[in-house]
Amino acid sequence: MPIALNKEIVGKEYPPFAVTLERVKIKEFAQAIGDLNAHYLDDAVGRASPWGDIIAPPTFPVTFRDEASDSAALLRDLDVDISRVLHGEQEFASFRPLTPGETLLCRTRVVDVYEKPGRTGPLGFVVREMTVTDRDNDIVATMRQVTVVRL
Amino acid sequence: MKYGKLYYEDVAVGAEGPPLVKGPLQQIQLTRYAGASGDFNPIHQDEEFARAAGMGGVFAHGMLSMGFVAQALTDWAGPGTVRTLSVRFAALVRLKDTVTCRARVLAKTATGDLHVVEVEVWAENQRGEKVVTGRATLQLPTRLSSVA
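Chains as they are written, first to last, in our numbering: chain X, 53 to 203; chain H, 2 to 149.
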């Protein structure tokens, strides 16, 4: 008997949370990918660059998490076990490079929930969007994530 | 090594960036990526858990493959050029897989000072199966306006 997804979650906004970009976390992230670009890892190269510091790799905003607003919170809301979920799609838009030390505000909301038949059984899709703003309230990045649930 | 700088004028529609080959993937990289990203789903770490979940064993974070795709773009075009990147995770990437990331120019658009290149991106495993498909936009400098 497949499980059902609670579609009333569409429109839910999770508590906004702040993140401060840590130099060492940017470097760890680039190194974990094996992306050894000096603009992510070398402070001297960063200082001499147009941005005045190292910058974060394009997918770094995926590290912006908060226990009240992250995927675990979503799974609690859906009453779905983590062993059932897959990452279906991911989008990033970047409006400027991100540098260490800045504090950003992240807001996540659920924008869609739908179901479709899959090759091995019914699948649920949960679409979330995150908007990331800086201290001037300018949007610096957005993220869209599709989580797939094996129902 | 690399750190390309790509000018808008030097990009032709249909041209491909240099392929980026990553792997063979080892468990330690998935563990490292879990720590760096904060995604500790045991399905990427624990063989028993992944089998019990019906996934046939551990597989890589989709976001790790997306990170590879982003690296292919910035190795080619330069850091700080990626304006948008959107992908679909088309197939699982397993331990010992080799992932090759590719990009091909679909369109060029110049609007005022903004010079943007739209590219198709994809990653394939050692059997030629696509594991990631998607699109990206790159904002590039021009030879005319660039003083750097």
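Heads up, the beta-carbon is just placed ideally off N, CA and C, and yes, glycines get one too. Please read these numbers as outputs of a predicted model, since none were measured by experiment.
For residue i, count neighbouring C-beta atoms within 10 Å of its own C-beta (all shown protein chains included) and say buried if the count is 16 or more, exposed if not.
i, result
"D131 of chain X", "exposed"
"M2 of chain H", "The predicted position of M2 of chain H is uncertain, since its pLDDT is 39 and thus under 50; a value taken from the coordinates is nonetheless stated next. Under this definition M2 of chain H is an exposed residue."
"R128 of chain H", "exposed"
"F41 of chain H", "exposed"
"G170 of chain X", "exposed"
"G15 of chain H", "exposed"
"A149 of chain H", "Confidence at A149 of chain H is low in this model, with a pLDDT of 46, below 50, so the placement of that residue is unreliable and no value is reported for it."
"D188 of chain X", "exposed"
"G140 of chain X", "buried"
"K23 of chain H", "buried"
"T112 of chain H", "exposed"
"R180 of chain X", "buried"
"E1 of chain H", "No statement about residue 1 of chain H is possible, as the shown extent of chain H runs from 2 to 149 and does not include it."
In terms of alpha-carbon separation, which member of the options lies closest to residue i?
i, options, result
"N89 of chain X", "H:L107, H:P19, H:V14 and H:T75", "H:T75"
"A56 of chain X", "X:T194, X:R148, X:T183 and X:F177", "X:F177"
"V162 of chain X", "X:P54, X:K59 and X:G63", "X:G63"
"C158 of chain X", "X:D105, X:R99, X:A193 and X:T111", "X:A193"
"F90 of chain H", "H:K131, H:T110 and H:Q72", "H:K131"
"Y9 of chain H", "H:V133, H:G18 and H:T110", "H:T110"
"L115 of chain H", "H:V100, H:R52 and H:T82", "H:T82"
"T101 of chain H", "H:L107, H:G18 and H:Q30", "H:G18"
"L156 of chain X", "X:L93, X:S135, X:P113 and X:E119", "X:P113"
"M64 of chain H", "H:A73, H:Q46, H:A108 and H:Y34", "H:Y34"
"I134 of chain X", "H:V122, H:A54, H:L86 and H:D98", "H:A54"
"T99 of chain H", "H:L26, H:A71 and H:K6", "H:L26"
"L150 of chain X", "X:A100, X:T185 and X:Q83", "X:T185"
"D47 of chain H", "H:A124, H:V118, H:R95 and H:W123", "H:R95"
Ignore the nearest five residues each way along the sequence and tell me which others in residue i's own chain have a CB closer than 6 Å to its CB.
i, result
"Y66 of chain X", "S121 and T160"
"S146 of chain X", "A193"
"L175 of chain X", "K168 and V200"
"R196 of chain X", "E143 and E181"
Would you grab the beta carbon distance between residue i and residue j for me? Rounded to a whole angstrom, and I think it's under 8 Å.
i, j, result
"V120 of chain H", "L139 of chain H", "6 Å"
"M67 of chain H", "V88 of chain H", "5 Å"
"F69 of chain H", "I85 of chain X", "7 Å"
"Q72 of chain H", "L107 of chain H", "The pair is not a contact, with the Cβ atoms about 20 Å apart (cut-off 8 Å)."
Leaving out five residues on either side along the sequence, give the residues of the same chain with a beta carbon under 8 Å from the beta carbon of residue i.
i, result
"V137 of chain X", "S123, L127, T199, V200, V201 and R202"
"D129 of chain X", "N58, I61 and K64"
For residue i, I'd like the list of residues in its chain whose CB is within less than 7 Å of its CB, leaving aside the five on either flank, ordered along the chain.
i, result
"K59 of chain X", "V165"
"D87 of chain X", "P109"
"P152 of chain X", "L73, E74, R75, I78, D105 and I106"
"F81 of chain X", "P109, F112 and T115"
"K97 of chain H", "P25 and L26"
Exercise for review: Tell me the start and end of each unbroken alpha helix (DSSP H) in the region 131-167 of chain X that is at least 4 residues and wholly inside, in chain order.
Suggested key: Listed in chain order, the alpha helix (DSSP H) runs fully inside the region 131-167 of chain X amount to none, counting runs of at least 4 residues.
Review point. Which full runs of the beta strand (DSSP E) of 3+ residues lie inside the region 66-124 of chain H, going along the chain?
Key: 83-90 and 100-112
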